[in-house]
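Student: Can you read through this structure? Questions will come right after.
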Amino acid sequence: MSTFVNSKKILVTGADGFIGSHLVEYLVGQGHQVKAFCFYNSFNSWGWLDSLPKETLDNIEVFTGDIRDPNGVRTAMKDVSIVYHLAALIAIPFSYHSPDSYIDTNVKGTLNVVQAARDFEIERVLVTSTSEVYGTAQYVPIDEKHPKQPQSPYSASKIGADCIADSFYRSFDLPVTIVRPFNTFGPRQSARAFIPTIITQLLNGFDEIKLGDITPTRDLLYVKDTVRGFETIANTPSLIGHEVNIATNSEITIGEVAERLIKLINPKAKITLDETRLRPEKSEVFRLFGDNTKLMKHTNWKTQYAFNDALQETIDWFANKENLKQYKAGIYNV
(Lines of atoms letter the chains of each structure in order from A and count residues from 1; the text may use other names and numbers.)
(Lines give C-alpha, C1' and ligand atoms only; values in the text may rest on other atoms or scores of the structure.)
Protein backbone atom coordinates (compact mmCIF):
# COMPACT_ATOMS: atom_id res chain seq x y z
CA MET A 1 0.00 0.00 0.00
CA SER A 2 1.28 3.44 -0.86
CA THR A 3 2.32 5.69 2.00
CA PHE A 4 1.00 8.84 0.31
CA VAL A 5 -2.35 8.74 2.13
CA ASN A 6 -1.33 6.40 4.95
CA SER A 7 -2.14 7.63 8.47
CA LYS A 8 -3.84 10.78 7.16
CA LYS A 9 -7.51 11.54 7.70
CA ILE A 10 -9.62 11.19 4.58
CA LEU A 11 -13.02 12.81 3.97
CA VAL A 12 -15.44 11.06 1.61
CA THR A 13 -18.46 13.15 0.61
CA GLY A 14 -21.45 11.19 -0.63
CA ALA A 15 -20.31 8.40 1.67
CA ASP A 16 -23.89 7.22 2.14
CA GLY A 17 -24.33 6.47 -1.57
CA PHE A 18 -23.47 3.57 -3.84
CA ILE A 19 -19.86 4.22 -4.85
CA GLY A 20 -19.19 6.33 -1.74
CA SER A 21 -20.09 3.51 0.66
CA HIS A 22 -17.87 1.08 -1.22
CA LEU A 23 -15.02 3.59 -1.19
CA VAL A 24 -15.38 4.12 2.56
CA GLU A 25 -15.46 0.38 3.16
CA TYR A 26 -12.36 -0.12 1.01
CA LEU A 27 -10.38 2.72 2.60
CA VAL A 28 -11.16 1.49 6.12
CA GLY A 29 -10.06 -1.97 5.05
CA GLN A 30 -6.78 -0.44 3.89
CA GLY A 31 -6.22 0.99 7.36
CA HIS A 32 -7.04 4.64 6.67
CA GLN A 33 -8.74 7.12 9.00
CA VAL A 34 -12.02 7.94 7.28
CA LYS A 35 -14.56 10.67 7.92
CA ALA A 36 -17.80 9.95 6.07
CA PHE A 37 -19.88 12.96 5.00
CA CYS A 38 -23.52 11.82 4.83
CA PHE A 39 -26.61 13.80 3.87
CA TYR A 40 -28.33 15.06 7.02
CA ASN A 41 -31.82 13.72 7.68
CA SER A 42 -34.00 13.46 10.79
CA PHE A 43 -34.11 9.65 10.55
CA ASN A 44 -30.38 9.46 11.38
CA SER A 45 -30.00 7.31 8.30
CA TRP A 46 -26.45 6.97 7.00
CA GLY A 47 -27.62 5.43 3.75
CA TRP A 48 -25.69 2.37 2.64
CA LEU A 49 -23.18 2.83 5.45
CA ASP A 50 -25.88 1.42 7.73
CA SER A 51 -25.46 -1.92 5.97
CA LEU A 52 -21.74 -2.22 6.74
CA PRO A 53 -20.49 -4.58 9.46
CA LYS A 54 -20.24 -3.09 12.95
CA GLU A 55 -16.47 -3.56 13.05
CA THR A 56 -16.21 -1.40 9.91
CA LEU A 57 -18.63 1.26 11.19
CA ASP A 58 -16.72 1.47 14.47
CA ASN A 59 -13.73 2.72 12.46
CA ILE A 60 -15.64 5.45 10.61
CA GLU A 61 -16.24 9.00 11.82
CA VAL A 62 -19.64 10.02 10.44
CA PHE A 63 -20.41 13.69 9.76
CA THR A 64 -23.94 14.59 8.70
CA GLY A 65 -24.48 17.73 6.68
CA ASP A 66 -25.53 19.13 3.32
CA ILE A 67 -22.99 19.57 0.54
CA ARG A 68 -24.94 22.66 -0.59
CA ASP A 69 -24.12 24.42 2.68
CA PRO A 70 -20.61 25.95 2.74
CA ASN A 71 -20.56 26.16 6.54
CA GLY A 72 -21.12 22.45 7.09
CA VAL A 73 -18.63 21.59 4.37
CA ARG A 74 -15.98 23.76 6.01
CA THR A 75 -16.64 22.15 9.39
CA ALA A 76 -16.25 18.68 7.91
CA MET A 77 -13.00 19.56 6.12
CA LYS A 78 -11.14 21.30 8.95
CA ASP A 79 -9.06 18.35 10.11
CA VAL A 80 -8.58 16.26 6.95
CA SER A 81 -5.71 15.89 4.49
CA ILE A 82 -7.38 14.26 1.49
CA VAL A 83 -10.91 14.71 0.13
CA TYR A 84 -12.77 12.33 -2.17
CA HIS A 85 -15.76 14.38 -3.35
CA LEU A 86 -18.55 12.06 -4.52
CA ALA A 87 -21.67 13.84 -3.21
CA ALA A 88 -23.98 14.55 -6.16
CA LEU A 89 -27.40 14.15 -7.66
CA ILE A 90 -26.97 11.64 -10.48
CA ALA A 91 -30.33 10.49 -11.86
CA ILE A 92 -30.84 11.76 -15.39
CA PRO A 93 -34.67 11.62 -15.59
CA PHE A 94 -34.99 13.54 -12.31
CA SER A 95 -32.75 16.25 -13.75
CA TYR A 96 -35.28 16.87 -16.54
CA HIS A 97 -37.87 18.31 -14.17
CA SER A 98 -35.71 19.45 -11.23
CA PRO A 99 -32.59 20.98 -12.82
CA ASP A 100 -32.18 23.67 -10.17
CA SER A 101 -31.40 21.03 -7.56
CA TYR A 102 -28.60 19.68 -9.77
CA ILE A 103 -26.97 23.09 -10.06
CA ASP A 104 -27.23 23.62 -6.30
CA THR A 105 -25.88 20.19 -5.40
CA ASN A 106 -23.40 19.40 -8.15
CA VAL A 107 -22.00 22.81 -9.09
CA LYS A 108 -22.38 24.78 -5.85
CA GLY A 109 -21.53 21.70 -3.78
CA THR A 110 -18.28 21.27 -5.68
CA LEU A 111 -17.51 24.97 -5.29
CA ASN A 112 -18.01 24.61 -1.53
CA VAL A 113 -15.56 21.70 -1.44
CA VAL A 114 -12.79 23.29 -3.50
CA GLN A 115 -13.12 26.66 -1.75
CA ALA A 116 -12.74 25.04 1.67
CA ALA A 117 -9.90 22.88 0.35
CA ARG A 118 -8.11 26.01 -0.82
CA ASP A 119 -8.57 27.78 2.52
CA PHE A 120 -7.43 24.76 4.56
CA GLU A 121 -4.58 23.83 2.17
CA ILE A 122 -5.87 20.29 1.67
CA GLU A 123 -3.18 17.99 0.26
CA ARG A 124 -5.29 16.24 -2.40
CA VAL A 125 -8.81 16.74 -3.72
CA LEU A 126 -10.44 14.17 -5.99
CA VAL A 127 -13.60 15.50 -7.66
CA THR A 128 -15.86 12.82 -9.11
CA SER A 129 -17.05 13.38 -12.65
CA THR A 130 -19.02 11.05 -14.95
CA SER A 131 -18.71 9.58 -18.43
CA GLU A 132 -22.03 11.31 -19.19
CA VAL A 133 -20.10 14.57 -19.68
CA TYR A 134 -18.85 13.17 -23.00
CA GLY A 135 -22.31 12.46 -24.38
CA THR A 136 -22.59 10.07 -27.31
CA ALA A 137 -19.11 9.14 -28.48
CA GLN A 138 -17.78 11.18 -31.39
CA TYR A 139 -14.87 8.73 -31.54
CA VAL A 140 -13.85 5.65 -29.58
CA PRO A 141 -12.30 4.87 -27.30
CA ILE A 142 -13.25 8.10 -25.50
CA ASP A 143 -10.16 9.74 -24.01
CA GLU A 144 -10.02 12.75 -21.73
CA LYS A 145 -9.67 15.13 -24.70
CA HIS A 146 -13.05 14.12 -26.11
CA PRO A 147 -15.44 17.12 -26.42
CA LYS A 148 -17.92 17.62 -23.60
CA GLN A 149 -21.59 17.41 -24.62
CA PRO A 150 -24.28 18.41 -22.11
CA GLN A 151 -27.04 16.07 -23.29
CA SER A 152 -29.01 16.35 -20.03
CA PRO A 153 -29.24 18.89 -17.19
CA TYR A 154 -27.40 16.31 -15.07
CA SER A 155 -24.53 16.15 -17.55
CA ALA A 156 -24.44 19.95 -17.80
CA SER A 157 -24.20 20.26 -14.02
CA LYS A 158 -21.30 17.80 -13.90
CA ILE A 159 -19.48 19.64 -16.70
CA GLY A 160 -19.95 22.80 -14.67
CA ALA A 161 -18.60 21.11 -11.54
CA ASP A 162 -15.58 19.83 -13.46
CA CYS A 163 -14.89 23.33 -14.78
CA ILE A 164 -15.09 24.81 -11.27
CA ALA A 165 -12.59 22.23 -10.01
CA ASP A 166 -10.26 22.79 -12.97
CA SER A 167 -10.42 26.55 -12.50
CA PHE A 168 -9.23 26.20 -8.89
CA TYR A 169 -6.25 24.15 -10.06
CA ARG A 170 -5.37 26.75 -12.69
CA SER A 171 -6.15 29.83 -10.59
CA PHE A 172 -4.93 28.77 -7.14
CA ASP A 173 -2.77 25.68 -7.78
CA LEU A 174 -5.21 23.58 -5.78
CA PRO A 175 -4.09 19.92 -5.98
CA VAL A 176 -7.22 18.70 -7.75
CA THR A 177 -7.76 15.63 -9.91
CA ILE A 178 -11.02 15.10 -11.77
CA VAL A 179 -11.83 11.40 -11.62
CA ARG A 180 -14.18 10.17 -14.34
CA PRO A 181 -15.52 6.66 -13.76
CA PHE A 182 -17.47 5.11 -16.60
CA ASN A 183 -20.58 3.00 -15.97
CA THR A 184 -20.03 1.60 -12.51
CA PHE A 185 -22.26 -1.22 -11.25
CA GLY A 186 -22.43 -3.60 -8.31
CA PRO A 187 -24.10 -4.24 -4.94
CA ARG A 188 -26.05 -1.32 -3.41
CA GLN A 189 -26.58 0.48 -6.71
CA SER A 190 -29.80 2.45 -7.08
CA ALA A 191 -32.54 0.95 -9.23
CA ARG A 192 -32.41 4.10 -11.38
CA ALA A 193 -29.48 2.29 -13.11
CA PHE A 194 -30.30 -0.38 -15.64
CA ILE A 195 -28.50 -3.40 -14.14
CA PRO A 196 -30.28 -3.19 -10.75
CA THR A 197 -33.53 -2.46 -12.60
CA ILE A 198 -33.22 -5.70 -14.54
CA ILE A 199 -32.00 -7.81 -11.62
CA THR A 200 -34.70 -6.65 -9.19
CA GLN A 201 -37.49 -7.28 -11.71
CA LEU A 202 -36.15 -10.77 -12.41
CA LEU A 203 -35.65 -11.68 -8.76
CA ASN A 204 -39.20 -10.55 -7.99
CA GLY A 205 -40.47 -13.07 -10.53
CA PHE A 206 -41.52 -10.68 -13.29
CA ASP A 207 -41.81 -12.41 -16.68
CA GLU A 208 -41.87 -9.11 -18.59
CA ILE A 209 -38.82 -6.96 -17.90
CA LYS A 210 -39.63 -3.31 -18.57
CA LEU A 211 -36.80 -1.29 -20.09
CA GLY A 212 -36.26 1.76 -22.24
CA ASP A 213 -33.91 1.80 -25.22
CA ILE A 214 -31.68 -1.30 -25.14
CA THR A 215 -29.44 -0.34 -28.07
CA PRO A 216 -27.02 2.08 -26.34
CA THR A 217 -23.61 0.73 -25.36
CA ARG A 218 -21.91 1.20 -22.01
CA ASP A 219 -18.40 0.67 -20.64
CA LEU A 220 -19.25 -1.32 -17.51
CA LEU A 221 -16.93 -1.13 -14.53
CA TYR A 222 -17.34 -3.16 -11.35
CA VAL A 223 -17.55 -0.93 -8.27
CA LYS A 224 -14.66 -2.66 -6.48
CA ASP A 225 -12.40 -1.84 -9.43
CA THR A 226 -13.73 1.72 -9.42
CA VAL A 227 -12.85 2.41 -5.79
CA ARG A 228 -9.37 0.95 -6.20
CA GLY A 229 -8.99 3.37 -9.08
CA PHE A 230 -9.88 6.28 -6.81
CA GLU A 231 -7.27 5.36 -4.22
CA THR A 232 -4.66 4.68 -6.88
CA ILE A 233 -5.22 8.16 -8.33
CA ALA A 234 -4.99 9.73 -4.87
CA ASN A 235 -1.60 8.07 -4.50
CA THR A 236 -0.31 9.45 -7.82
CA PRO A 237 0.92 13.07 -7.60
CA SER A 238 1.64 13.15 -11.34
CA LEU A 239 -2.14 13.17 -11.94
CA ILE A 240 -2.71 16.46 -10.08
CA GLY A 241 -4.40 18.88 -12.46
CA HIS A 242 -5.61 16.09 -14.74
CA GLU A 243 -8.92 14.62 -15.79
CA VAL A 244 -8.64 10.82 -15.53
CA ASN A 245 -10.96 8.16 -16.90
CA ILE A 246 -11.53 4.95 -15.00
CA ALA A 247 -12.74 2.64 -17.75
CA THR A 248 -12.35 -0.86 -19.18
CA ASN A 249 -11.69 -0.03 -22.84
CA SER A 250 -14.76 -2.03 -23.88
CA GLU A 251 -18.47 -1.66 -24.59
CA ILE A 252 -21.60 -3.80 -24.45
CA THR A 253 -25.21 -2.98 -25.30
CA ILE A 254 -27.85 -2.70 -22.61
CA GLY A 255 -29.77 -5.40 -24.46
CA GLU A 256 -26.86 -7.83 -24.35
CA VAL A 257 -26.49 -7.32 -20.60
CA ALA A 258 -30.22 -7.83 -20.14
CA GLU A 259 -30.10 -11.12 -22.04
CA ARG A 260 -27.20 -12.35 -19.90
CA LEU A 261 -29.07 -11.53 -16.72
CA ILE A 262 -32.24 -13.18 -17.98
CA LYS A 263 -30.29 -16.34 -18.80
CA LEU A 264 -28.72 -16.37 -15.33
CA ILE A 265 -31.91 -15.66 -13.33
CA ASN A 266 -35.06 -16.50 -15.30
CA PRO A 267 -34.62 -17.72 -18.90
CA LYS A 268 -38.39 -17.50 -19.49
CA ALA A 269 -38.48 -13.73 -19.03
CA LYS A 270 -38.83 -11.38 -21.98
CA ILE A 271 -37.84 -7.74 -22.49
CA THR A 272 -40.67 -5.29 -23.12
CA LEU A 273 -40.42 -1.63 -24.06
CA ASP A 274 -41.69 0.87 -21.50
CA GLU A 275 -41.86 4.18 -23.34
CA THR A 276 -41.85 6.16 -20.09
CA ARG A 277 -38.25 5.00 -19.63
CA LEU A 278 -37.07 6.44 -22.95
CA ARG A 279 -34.91 9.55 -22.83
CA PRO A 280 -35.60 12.31 -25.36
CA GLU A 281 -33.71 11.29 -28.51
CA LYS A 282 -31.21 14.17 -28.41
CA SER A 283 -30.60 13.50 -24.71
CA GLU A 284 -29.89 9.78 -24.95
CA VAL A 285 -26.20 8.85 -24.85
CA PHE A 286 -26.00 6.08 -27.44
CA ARG A 287 -22.37 5.04 -27.09
CA LEU A 288 -19.88 5.05 -24.21
CA PHE A 289 -16.54 3.27 -24.64
CA GLY A 290 -13.81 4.63 -22.39
CA ASP A 291 -10.07 4.97 -22.91
CA ASN A 292 -8.04 4.21 -19.76
CA THR A 293 -4.62 4.88 -21.33
CA LYS A 294 -3.82 7.82 -19.05
CA LEU A 295 -4.66 5.89 -15.88
CA MET A 296 -2.65 2.87 -17.04
CA LYS A 297 0.32 5.10 -18.00
CA HIS A 298 0.53 6.85 -14.62
CA THR A 299 -0.40 3.94 -12.31
CA ASN A 300 -0.42 0.16 -12.01
CA TRP A 301 -4.23 0.01 -11.86
CA LYS A 302 -6.08 -2.59 -13.87
CA THR A 303 -9.43 -4.30 -13.54
CA GLN A 304 -9.42 -7.32 -11.24
CA TYR A 305 -12.96 -8.58 -11.85
CA ALA A 306 -14.10 -10.37 -14.98
CA PHE A 307 -17.44 -9.03 -16.15
CA ASN A 308 -19.37 -12.29 -15.70
CA ASP A 309 -17.95 -12.77 -12.19
CA ALA A 310 -18.89 -9.20 -11.26
CA LEU A 311 -22.42 -9.72 -12.60
CA GLN A 312 -22.83 -12.89 -10.54
CA GLU A 313 -21.53 -11.20 -7.38
CA THR A 314 -24.03 -8.40 -7.97
CA ILE A 315 -26.91 -10.87 -8.49
CA ASP A 316 -25.95 -12.71 -5.30
CA TRP A 317 -26.10 -9.50 -3.28
CA PHE A 318 -29.52 -8.54 -4.63
CA ALA A 319 -30.79 -12.11 -4.10
CA ASN A 320 -30.46 -11.61 -0.33
CA LYS A 321 -34.03 -10.99 0.78
CA GLU A 322 -33.02 -8.21 3.17
CA ASN A 323 -31.33 -6.36 0.32
CA LEU A 324 -34.00 -7.04 -2.29
CA LYS A 325 -36.85 -5.74 -0.12
CA GLN A 326 -35.28 -2.27 -0.15
CA TYR A 327 -36.04 -1.95 -3.88
CA LYS A 328 -39.39 -1.13 -5.51
CA ALA A 329 -39.08 -3.28 -8.61
CA GLY A 330 -42.64 -2.63 -9.77
CA ILE A 331 -42.16 1.09 -10.46
CA TYR A 332 -39.91 3.17 -12.69
CA ASN A 333 -37.18 4.49 -10.43
CA VAL A 334 -36.05 7.85 -11.74
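Residue numbers for the sequence shown, in UniProt numbering: 1 to 334.
Beta carbons are placed, not taken as given, at the ideal position from N, Cα and C, and that holds for glycine.
Here the structure is a predicted model, which means the values were calculated and not measured.
Using a threshold of 8 Å, state whether the C-beta atoms of Ala161 and Asn106 are closer than that.
Tutor: Yes; because the gap between Cβ atoms is below 8 Å, this pair is in contact.
Student: Below 8 Å, how does it come out for the region 76-96 and the region 19-27: are there three or more Cβ pairs, yes or no?
Tutor: yes
Student: For Pro175, tell me which candidate among Phe194, Thr128, Lys9, Val114 has the shortest Cα-Cα distance.
Tutor: Val114
Student: Could I get the ranges of all uninterrupted beta strand (DSSP E) runs contained in the region 241-283, with 3 residues as the minimum, in chain order?
Tutor: 243-246, 270-273
Student: Since Ala310 and Thr200 should fall inside the 8 Å C-beta cutoff, what is the C-beta to C-beta distance between them, to a whole number of angstroms?
Tutor: Their Cβ separation, rounded to whole angstroms, is 17 Å, which puts Ala310 and Thr200 out of contact at 8 Å.
Student: Just the Cα atoms here: how many angstroms apart are Arg170 and Asn320?
Tutor: 47 Å
Student: May I have the straight-line CA-CA distance separating Ile10 from Arg192, to the nearest angstrom?
Tutor: 29 Å
Student: Nearest-angstrom Cα distance between Tyr305 and Ala165?
Tutor: When only Cα atoms are considered, Tyr305 and Ala165 end up about 31 Å apart.
Student: In the DSSP output, which residue or residues are listed as bridge partners for Gly290?
Tutor: Ile142
Student: Would you kindly check if the distance between the Cβ of Lys148 and the Cβ of Tyr134 is under 8 Å?
Tutor: Their beta carbons are under 8 Å apart, which means Tyr134 touches Lys148 by this criterion.
Student: Name the two residues that bound the continuous beta strand (DSSP E) containing Asn183.
Tutor: 183-185
Student: Pairs of beta-carbons, one from the region 291-303 and one from the region 254-268, closer than 8 Å: are there three or more?
Tutor: no
Student: Using the Cα positions of Leu211 and Pro280, report the straight-line distance between them to the nearest angstrom.
Tutor: 15 Å
Student: Quick check: Phe185 and Thr276, are their CB atoms within less than 8 Å of each other?
Tutor: Cβ atoms of Phe185 and Thr276: not closer than 8 Å.
Student: By Cβ distance below 7 Å, which residues in the same chain neighbour Thr217 in space, the five residues on each side in sequence not counted?
Tutor: Glu251, Ile252, Thr253, Arg287, Leu288, Phe289
Student: Taking the alpha helix (DSSP H) that Ala161 falls in, what are its first and last residues?
Tutor: Segment 153-172, the alpha helix (DSSP H) holding Ala161.
Student: Who are the Cβ neighbours of Ser2 in its own chain at under 7 Å, not counting the five residues just before and after it?
Tutor: In this predicted model, Ser2 has a pLDDT of only 43, less than 50, meaning its place in the structure is not dependable enough to derive any value.
Student: Can you tell me whether Asn204 is buried or exposed? The criterion is at least 16 other CB atoms within 10 Å of its CB, across all chains shown.
Tutor: exposed
Student: Distance check for Ser238 and Trp301, CA to CA, integer angstroms please.
Tutor: 14 Å
Student: Could you name the residues that DSSP lists as bridge partners for Thr13?
Tutor: Looking at the DSSP output, Thr13 bridges to Phe37, His85.
Student: Would you decide whether Tyr40 is buried or exposed? Buried here means 16 or more other CB atoms lie within 10 Å of its CB.
Tutor: exposed
Student: Work out the CA separation of Ala116 and Met77 for me, nearest whole Å.
Tutor: 7 Å
Student: Per DSSP, Thr177 forms a beta bridge with which residues?
Tutor: Within the DSSP secondary-structure output, Thr177 pairs in a beta bridge with Leu126.
Student: Judging by CA-CA distance, which residue of His146, Val127, Leu27, Tyr26 is the nearest neighbour of Gly241?
Tutor: The residue with the shortest Cα to Cα distance from Gly241 is Val127.
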